[in-house]
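Remarks on the structure that follows.
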Amino acid sequence: MFHNVRVWAAENPRTYVEYERNTPKVNVWCALMHDKVIGPFFFAEPTVTSNIYLDMLQLYAIPQFPEGVIFQQDGAPPHYGNIVRGFLDTTFPQRWIGRGAVMSWPQRSPDLTPLDFYLWGYVKQHVYSERINDINHLKQRITDVIHSVTPDVLTRVWEELGYRLDVCRATN
Numbered sequence: 000m001f002h003n004v005r006v007w008a009a010e011n012p013r014t015y016v017e018y019e020r021n022t023p024k025v026n027v028w029c030a031l032m033h034d035k036v037i038g039p040f041f042f043a044e045p046t047v048t049s050n051i052y053l054d055m056l057q058l059y060a061i062p063q064f065p066e067g068v069i070f071q072q073d074g075a076p077p078h079y080g081n082i083v084r085g086f087l088d089t090t091f092p093q094r095w096i097g098r099g100a101v102m103s104w105p106q107r108s109p110d111l112t113p114l115d116f117y118l119w120g121y122v123k124q125h126v127y128s129e130r131i132n133d134i135n136h137l138k139q140r141i142t143d144v145i146h147s148v149t150p151d152v153l154t155r156v157w158e159e160l161g162y163r164l165d166v167c168r169a170t171n
């Protein structure tokens, strides 16, 4: 008996991918709005501290946010520093979600975070579809891929988040 089996996936399960040591790496930050991606912002430092993260928020991110925005972040150590939480309490009073906020976010919940369940996977899939030559090439590929995200795609991402939240509420 013969069976026709089709697998629809982003990756070929039989593909052999070669990884090299010491490939270029970057720390990148983005924010998702209802209709656009803010970023990418590339950190110059190899390690992001609370002070470095706060500088990025003050000088890059916050000036691009619309009035009245609700800010959400994960619980990464640089996001949890006292100086960052103090700044967020002042800048977004009662309007930020994350570790140490009035509105906390469940730990280890990437399935409820659009950056995790959509953007970073999309970026990696497309950035590494070709060989990366150097750090500048990597940054350019990341920038190009992020800028390719359309408002229509983001509408579907937010609809998916709504569905995921409905499932969580229904199942407690």
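Residue numbers for the sequence shown follow numbering that gives the first Met the number 0, beginning at 0 and rising by one. In this text, a Cβ means the ideal position worked out from N, Cα and C, and glycines have one as well. In this text the structure is predicted, and so the values were computed from the model without any measurement.
Beta carbon of residue i nearer than 8 Å to that of residue j
i                : j              : result
phenylalanine 40 : tyrosine 52    : no
valine 156       : isoleucine 141 : no
glycine 85       : serine 49      : no
leucine 153      : histidine 33   : yes
Residues of its chain near residue i, where Cβ-Cβ distance is below 6 Å and the 5 sequence neighbours each way are ignored
i             : result
proline 62    : none
leucine 160   : Pro113
isoleucine 69 : Arg94
Residue nearest to residue i in terms of C-alpha spacing, selected from the options
i                : options                        : result
glutamine 106    : Cys29, Thr46, Asp73, Pro150    : Asp73
valine 122       : Ser108, Ser103, His146         : His146
glutamine 71     : Pro109, Lys138, Asn171, Ala169 : Pro109
leucine 56       : Asp165, Trp28, Glu66, Glu129   : Trp28
phenylalanine 91 : His78, Gly67, Pro77            : Gly67
Three-state secondary structure (DSSP) of residue i
i                : result
glutamine 71     : strand
valine 152       : helix
proline 76       : helix
tryptophan 28    : strand
glycine 97       : coil
isoleucine 131   : coil
proline 109      : helix
phenylalanine 42 : strand
Beta-carbon proximity list for residue i, same chain, < 8 Å, skipping 5 on both sides
i         : result
valine 36 : Cys29, Ala30, Leu118, Ile145, His146, Val148, Leu153
Exercise. Is the region 121-135 touching the region 93-101, taking contact as three or more C-beta pairs under 8 Å?
Worked result: no
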